[in-house]
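Q: Please read through the structure below; I'll follow up with questions.
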Amino acid sequence: MRLRLILATALAAVACLGSAPAVQAAEAPIVVWTDATRAPLLQQLFAKGYDGHPVTFVVKDLPAIRTELKSVAPENAPDVIWAEHDWTGELASAGLVRKLPLSTGLKEQFAARTLDGFKFGFSYYGVPVMYENVALITNAALVPKPPKNFNELSKTALALKAAGKVDVGLAVAQGASGNAYFMNPLFTGLGGYVFGKNAAGSLDPYNIGITNPTFQANMPKINKWNSTGLINSALDEKAATAAFISGRAAYWITGPWNRNELKTLTFQYRVSSIPEIKKGIKPSPFLTIKGFMVTAYADQHGVLKAAQSLVRKGLTAAPVQSQIAALTERAPANLAGTMARLPQAFAVAGTDGAPTPNIPQSGGIWAPLGKAWATSTMGPGAVPAQTSFAEAQATVAASVG
Numbered sequence: 008m009r010l011r012l013i014l015a016t017a018l019a020a021v022a023c024l025g026s027a028p029a030v031q032a033a034e035a036p037i038v039v040w041t042d043a044t045r046a047p048l049l050q051q052l053f054a055k056g057y058d059g060h061p062v063t064f065v066v067k068d069l070p071a072i073r074t075e076l077k078s079v080a081p082e083n084a085p086d087v088i089w090a091e092h093d094w095t096g097e098l099a100s101a102g103l104v105r106k107l108p109l110s111t112g113l114k115e116q117f118a119a120r121t122l123d124g125f126k127f128g129f130s131y132y133g134v135p136v137m138y139e140n141v142a143l144i145t146n147a148a149l150v151p152k153p154p155k156n157f158n159e160l161s162k163t164a165l166a167l168k169a170a171g172k173v174d175v176g177l178a179v180a181q182g183a184s185g186n187a188y189f190m191n192p193l194f195t196g197l198g199g200y201v202f203g204k205n206a207a208g209s210l211d212p213y214n215i216g217i218t219n220p221t222f223q224a225n226m227p228k229i230n231k232w233n234s235t236g237l238i239n240s241a242l243d244e245k246a247a248t249a250a251f252i253s254g255r256a257a258y259w260i261t262g263p264w265n266r267n268e269l270k271t272l273t274f275q276y277r278v279s280s281i282p283e284i285k286k287g288i289k290p291s292p293f294l295t296i297k298g299f300m301v302t303a304y305a306d307q308h309g310v311l312k313a314a315q316s317l318v319r320k321g322l323t324a325a326p327v328q329s330q331i332a333a334l335t336e337r338a339p340a341n342l343a344g345t346m347a348r349l350p351q352a353f354a355v356a357g358t359d360g361a362p363t364p365n366i367p368q369s370g371g372i373w374a375p376l377g378k379a380w381a382t383s384t385m386g387p388g389a390v391p392a393q394t395s396f397a398e399a400q401a402t403v404a405a406s407v408g
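Converting from the sequence shown to our numbering requires adding 7 to each position, the first position being numbered 1.
See the structure below:
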């Protein structure tokens, strides 16, 4: 449509000029929706276009990219979008994004934990560019070295609290509604999982593991964390941050979005993985992955191959991804990417991480699972973990249908 409009305008001009030289058809532009943070860099990188096509960057807030793609008129639609990986299942099911065949060589440039964020069913629908996850931050002035295991963390935190040196055991953000994202390393470290995988390796919405036997057996740990005051859901994100940066907590679970607070600390700190809670079970933080996807409109605009090439080649190179990720001090997805010390520390802490679920049913997990954590770690009057997580399991199962 856009190419036809360009040609029609050009031919009309020729008709008016009579003996004007023949017009050469211009390549249709590739339109990319991205956010304001990345747009200036991308415009600079692709100022000369890509593969003969002009590249136009349209700035939109990240949530607007997702919502507006569902209702945009085809002539105004993007060919490529900057996206979060957990949109994949919803957009693919709605036919709004195209499959993106990836060669073996391209796959080898990424860790499976980031690449699979854009996988739905048997197909990939995007390429990861950068990612983030939570880690354990240790106040080195209070505790010289990160704990070797969670038992050591608990003993040290409670001893410091008993001595009056801190008043918060483990600073982890929850609040009245809870926060399943921040708590996921503890959830998985006790053997819990949200959705299991089927024989094909895809997430199975009917395999809900909130009350699987392993996690059930380890639920008394949660009750103990509550009764000893190690974890209290009264702390929201603001309170957890304040507790650590003021020296009132020796340990903090957070991510690179708090980089500014970390840089202004008056004491030394360490970034490390969440330590093992139960022997043989690796705590797994959720990964939030951002990258680019090709929309179904690229085919209608006649730029499908060029748009796919832009995403697969132009936006996967390690130097390009390193520059994009550096804008907000995140880890680049390309394994050959470079990064500063802080994002690298968080990346190492996310080695055992897994993408937040990207299937359409995943929207139903956050509130019930967050509530289970909030009610079971609210201090006096807390609901036993066995009861709160059983309720979460039932609620998620009902939402899946």
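Idealized CB from N, CA, C, for every residue including glycine.
1. Quick one: what does DSSP say Glu-91 is sitting in, helix, strand or coil?
2. Please classify Ala-183: does DSSP put it in a helix, a strand, or coil?
3. Please specify which runs of the alpha helix (DSSP H), each continuous and at least 4 residues long, are wholly inside the region 220 to 254, giving them in chain order.
4. Taking all protein chains shown into account, decide if Val-65 is buried (16 or more other Cβ within 10 angstroms of its Cβ) or exposed.
5. Can you tell me which residues form a DSSP beta bridge with Gly-203?
6. Buried or exposed: Pro-442, going by 16 or more other Cβ atoms within 10 Å of its Cβ?
7. What does a CB cutoff of less than 8 Å around Asn-205 pick up in its chain, not counting 5 residues either side in sequence?
8. Return the CA-CA distance between Glu-283 and Leu-376, expressed in angstroms with no decimal places.
9. Taking all protein chains shown into account, decide if Ser-78 is buried (16 or more other Cβ within 10 angstroms of its Cβ) or exposed.
10. Compare the C-alpha of Gly-112 against each of Ser-369, Asn-365, Lys-320, Ala-347 and name the closest.
11. Just to confirm, are Thr-95 and Phe-53 a CB contact at a threshold of 7 Å?
12. Does Lys-126 come out as helix, strand or coil in the three-state DSSP assignment?
13. For the putative contact between Thr-302 and Arg-73, defined by C-beta atoms under 8 Å, what is the C-beta separation to the nearest angstrom?
14. With a threshold of 6 Å on Cβ separation, who are the neighbours of Val-386 within its own chain once the five nearest residues in sequence on each side are excluded?
15. Name the DSSP bridge partner or partners of His-60?
16. Specify, as a first and last residue, the run of the beta strand (DSSP E) that Pro-135 falls within.
17. Would you say Asn-233 and Ala-389 are within 7 Å of each other, going by their C-beta atoms?
18. Under a three-way DSSP split, which group does Gly-176 fall into?
19. Please work out which residues of its chain come closer than 7 Å, Cβ to Cβ, to Lys-252, disregarding the five sequence neighbours upstream and downstream, and give them in chain order.
20. Under 8 Å by Cβ, that's how I've got Phe-396 and Ala-142 pegged, so tell me the actual separation to the nearest angstrom.
A: Answer, in terms of the structure:
1. If DSSP states are grouped into helix, strand and coil, Glu-91 belongs with the strands.
2. Coil.
3. For the region 220 to 254, the continuous alpha helix (DSSP H) assignments of 4+ residues that do not extend past its boundaries occur at 220 to 235, 244 to 252, in sequence order.
4. Around the beta carbon of Val-65, a 10 Å sphere encloses fewer than 16 other beta carbons of the protein chains shown; the residue is thus reported as exposed.
5. As DSSP reads the structure, Gly-203 sits in a beta bridge with Asp-211.
6. Outside the displayed range of the chain (8 to 408) lies residue 442, so it cannot be described from this structure.
7. The beta carbon of Asn-205 sits closer than 8 Å to those of Asp-211, Asn-214, all from its chain and outside the five residues before and after it, given in chain order.
8. Rounded to the nearest angstrom, the gap between the Cα atoms of Glu-283 and Leu-376 is 21 Å.
9. Counting Cβ neighbours within 10 Å, Ser-78 comes out exposed, since fewer than 16 surround it.
10. The shortest Cα separation from Gly-112 among Ser-369, Asn-365, Lys-320, Ala-347 belongs to Lys-320.
11. No, these two residues do not count as a Cβ contact at 7 Å.
12. In the displayed model, Lys-126 falls within a strand according to three-state DSSP.
13. With 8 Å as the limit, Thr-302 and Arg-73 do not qualify as a contact, their Cβ atoms being about 12 Å apart.
14. The amino acid occupying residue 386 in the given sequence is Gly; Val does not appear at that position. Excluding residues within five positions, the ones whose Cβ falls inside 6 Å are Asn-239.
15. Partner(s): Tyr-57.
16. Residues 133 to 139.
17. Taking C-beta atoms as the reference points, Asn-233 and Ala-389 count as a pair closer than 7 Å.
18. Strand.
19. Note that residue 252 corresponds to Ile in the displayed sequence, not to Lys. Apart from sequence neighbours up to five positions away, the residues of its chain that approach Ile-252 with a beta-carbon distance below 7 Å are Glu-268, Leu-272, ordered along the chain.
20. Between Ala-142 and Phe-396 the Cβ distance is about 25 Å, and since that is not below 8 Å, they are no contact.
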